[in-house]
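Residue numbers (full-length UniProt numbering), protein chains in the order written: chain A, 1 to 648; chain B, 1 to 175.
These notes are about the structure you will find just below.
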Amino acid sequence: MIAELGLAALWLAAALAALQLYAGTRALRPGGEAVAALVRPAAVVQGLACAIGFVMLLWLFAITDLSVKLVAANSHSAKPMIFKLAGAWGNHEGSMLLWVAVMALSGALIALIERRLPEKTMLATLAAQAFVGLGFYAFLIVSSNPFERLPQPAAEGLGLNPLLQDIGLAFHPPTLYFGYVGLSVAFSFAVGALLTRQVTPEFARVMRPWVLGAWVFLTLGITAGSYWAYYELGWGGWWFWDPVENASLMPWLAATALLHSASVLAARDALRAWTIMLGVVAFSMSMVGTFLVRSGILTSVHAFAVDPERGSFILVLLTLYIGGALALFALRAGTVTEGQRFSITSREGALVFNNVMLSAVLAIVLFGTLYPLLTEAFDVRVSVGPPYFNPMGAIFVVPMLLVMTVGPLLRWRGDSIGRIQRPLILIAVIMLAALVAALALGEAGVLPLLGLALAVGLAVASFLPLRGRRLTRVPLAVWGMVIAHFGLAVALFGMASESAFSEERLAAIAVGDTARVGPWDVTLSEVLPAAGPNWTAIEGHLLASYAGGDPIALDPQSRSFWAPPQETTESALATRWNGQLYAVVGSDAGAGRWQLRLWWKPFVTFIWYGGMLVALGGALALIGRVIDDLRRRAVRARIAERRAEEAV
Amino acid sequence: MRWWWWIPLLLFAGFLGVAAYQLTQPKDDLVPSAMVGKPLPEFELPPAAEGTSGVSTADLKGGKPRLLNVWASWCLPCIAEAPQLERLKQEGVEIVGIAIRDRPEDVAAFLARHGNPYARIGADDLSQVQLAIGSSGVPETFVIDGEGVIRYQHIGDIRAEHVPLLLEKLREAGK
């Protein structure tokens, strides 16, 4: 019954989305006033129905109903409850349902509370949302029904991919979907504004919290995913330029650009068409990423259930959404009147520069990700990796970071470099000093050295916007910017340090022997079998001491899962403030020796601390903006009240 | 209306075209070696088990064409292709093996169980030679001519129907 209820809720939501789309578009034309009143209620009920559908799926996973195909294929009665629930979205159908459910709930939320834009723009926005939602509903119902029953209930489930049975990962995909959903809302606003030609600062203010929210979730998702890959895959790397990683990075880059251009539009009424374009591009990137990952046309470590039929379906959705929006953009962008002008040396100028650089990086990542697809059409197989992405990206990232140090110091509209001469000299001196210090520390490549210098310079520069201000009076949004920029500096420092100063040691040692890596002495004290609820493992007991200090116990494992059968490595980490020792135990090397892989990675943790700071900055900015909006709303309500009284 | 507003749509259409084309293509995961037609890289591998001899580039140069078989005791398709290798050996083909990421005792056990068609077997513990000759998996078989040049690559296990093809390729390499 539960599965049928879920499916019914899904159909109901789809029907309501169809109604919302019809009423929303009809209301834009003359004589559509009669149906206009239907749009907002339809969006609210659609959100509820879809949420009920997802709750039903969670319920099926919670009770492990093995008569449902999706549960049988992705769950197992012996799994801990949290992973049973995570199983609901750890697969193609469930994750699509989660995505569309969150999207429908977001639609319900804007239908309920958003009243700042002209009503026609809101109706057009909700219609666009319904259009996007309808495609997803069709996809779920026609080709990826999560509630499909088996003719015969299965005796036992197949389990969840062991690599995914990790608490961090249980929440990594939903985080990214929340980000994608936020971008889909921004997309709908952009389409709505294009349809009614109302691209105003108010539009940017309404769209901005959604972009900020999406950006915070994407930042968290990417940070967590990178850390997961680092400690779970056991390769010691934290970013592989894998197509799936790129699929999450591209929307982030677009969202970062959108965030900044929306700020310009909100504050100065400039960059109108560009902001609309980025709104379309940001959501396009999340759809293109989803397509690349799930159609299986690119090979990746992220083995999603790959299916050409699904691929075709997503491609059709892509064509409708993105093709439609871009065609609309081409037809309408010319009629969106140009916004305010500004000089190059101004806050806007710096933000435009940032936007151009971010877009260039986005283009580079997109091209590198799609390149294998292009050449394969001519029967040439290539794989594009760090030798392309790192230097090509750096060409644009380095100037962007340089401008980022001064941009926040510039005034809106027009400013002169002379005014900010002193902070400029200070930043330049700090960067040079950092460069010299890094050169003295040891040999490293050009990019890591540049990265270290830029990181130190940016870290200091990010706090300069606070100088001369009463800290208690600084708005939250400014704090958000300061912290996010500082976080980026911290992350950059970690990346540069990791690539400049990491040391690696591959050893086959016997119990009682010691291997040395960097300042660490690692002794293998014993190797024992270990067992968990659904795996067995060999566990190496290591004693690691930093520069002759007290030993720390490390227990890396090489695990064998039996449902489904798969081997994974569980790395063990010793974290110090100045870096991490990373240990992986391998198989028996014969003659009583064991394979041991050790890395010393100075300041590597800064990458993820930085990522979290960036997300924190975004969250602070979001809270600040929302509080501002609520205050303005209260003020407007009071004004309206007073006017009403005066009228009486 | 200005023409450049259409550029994003055109780019997107280009992407759609490539993506749609790729979706209709059958997915094949074979990775052909870029080394076909080129001389073998220089290498020297120790014996993979007791009683066998190691393999160096020089061993693959002396006059006649040979088969270079990349395999491993832990690889199931390698068991399936063992009878075909045996037949090729009976046809007078000299087969040189490279065991990938293997242990001496496992190699010995495999040979005892499934026969030993190899003239020599080198141990490639870190897949270095495998990667250098452009092999991306096991089993793979290369036809090497008398000068030590890679002439042909067979990806996957050798089935009965592949034996005449390999003999033909060996004959061509001998010309």
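Using N, Cα and C, we set each Cβ at its ideal position, and we do this for glycine too.
Remember, predicted model here, so these are calculated numbers, not experimental data.
With 16 or more neighbouring CB atoms inside 10 Å of its own CB, Ala-186/A falls in the buried class.
Taking 4 residues as the minimum length, the alpha helix (DSSP H) runs contained wholly in the stretch 33–93 of chain A are 33–62, 69–74 and 81–87, in order along the chain. Interface flag for Ile-322/A against chain B is set, since a Cβ pair is found closer than 7 Å. Burial check for Phe-378/A: the Cβ neighbour count within 10 Å stays below 16, so the residue is exposed. Per DSSP, reduced to three states, the secondary structure at Asn-69/B is strand.
In the pairwise beta carbon analysis, the stretch 102–122 of chain B is classified as touching the stretch 61–76 of chain B: at least three pairs are separated by under 8 Å.
Secondary structure in the stretch 545–592 of chain A: the beta strand (DSSP E) runs of 3 residues or longer, each lying completely within the stretch, are 552–554, 557–562, 565–570, 572–576 and 579–590 in chain order.
Of the residues Val-45/A, Thr-405/A and Ala-51/A, the one whose Cα lies closest to the Cα of Leu-426/A is Thr-405/A.
The C-beta of Ser-587/A has fewer than 16 other C-beta atoms within 10 Å across all chains shown, which makes the residue exposed.
Within chain B, Trp-5, Pro-8 and Leu-9 have C-beta atoms less than 8 Å from the C-beta of Phe-329/A, given in sequence order.
Ser-261/A counts as buried, since no fewer than 16 other beta carbons sit within 10 angstroms of its beta carbon. Contacts with chain B at 7 Å (Cβ-Cβ) do not include Gly-339/A. Per DSSP, Glu-4/A is one residue of the alpha helix (DSSP H) stretching across 2–26.
For the C-beta of Val-18/B, the chain A residues within less than 8 Å are, from N- to C-terminus, Leu-370, Leu-373, Leu-374 and Ala-377.
Beta-bridge partners of Val-143/B (DSSP): Leu-67/B and Tyr-152/B.
Residue burial annotation: Thr-219/A is buried, with at least 16 other C-beta atoms found within 10 angstroms of its C-beta. Nearest neighbour of Glu-503/A by Cα position, chosen from Val-211/A, Ala-51/A, Ala-360/A and Trp-600/A, turns out to be Trp-600/A. Val-517/A is bridged by DSSP to Trp-520/A. Taken atom to atom, the span from the alpha-carbon of Leu-5/A to that of Trp-4/B is near 49 Å. Per the C-alpha coordinates, the member of Val-129/B, Phe-142/B and Gly-146/B positioned closest to Leu-165/B is Phe-142/B. Residue state for Leu-320/A is assigned as helix, using DSSP reduced to three classes. Listed along chain B, no residue sits closer than 7 Å to Ser-263/A by beta-carbon distance, the nearest being about 22 Å off. Neighbourhood of Thr-319/A in chain B, by CB distance below 7 Å: Leu-16, in chain order.
For Ser-56/B, DSSP records a beta bridge to Glu-44/B. Under the Cβ criterion of 7 Å, Ser-184/A is not counted among the residues facing chain B. Residue Ala-327/A holds the alpha-carbon nearest to the alpha-carbon of Trp-6/B among Met-207/A, Ala-327/A, Ile-297/A and Gly-107/A. Using a CB distance cut-off of 7 Å, Leu-23/B counts as an interface residue toward chain A.
Excluding five sequence positions before and after Phe-396/A, the CB atoms of its chain that fall closer than 6 Å to its own CB belong to Met-357, Ala-360 and Val-361, given in chain order. For Ala-455/A, the closest of Ile-430/A, Gly-157/A and Gly-468/A by C-alpha to C-alpha distance is Ile-430/A. When secondary structure is reduced to three states using DSSP, Ala-444/A falls in the coil class, being assigned neither helix nor strand. Inter-segment contact for the stretch 240–256 of chain A and the stretch 316–326 of chain A is absent: fewer than three beta-carbon pairs are separated by less than 8 Å. The bridge partners DSSP lists for Thr-536/A are Ala-531/A and Ser-560/A.
Per DSSP, the unbroken alpha helix (DSSP H) holding Arg-113/B starts and ends at 104–114. Counting the other Cβ atoms within 10 Å of the Cβ of Gly-31/A gives fewer than 16, which makes it exposed. Leu-249/A has a beta carbon lying at 7 Å or more from every beta carbon in chain B.
For Asp-629/A, there is no enclosing beta strand (DSSP E); the enclosing alpha helix (DSSP H) covers residues 606–647.
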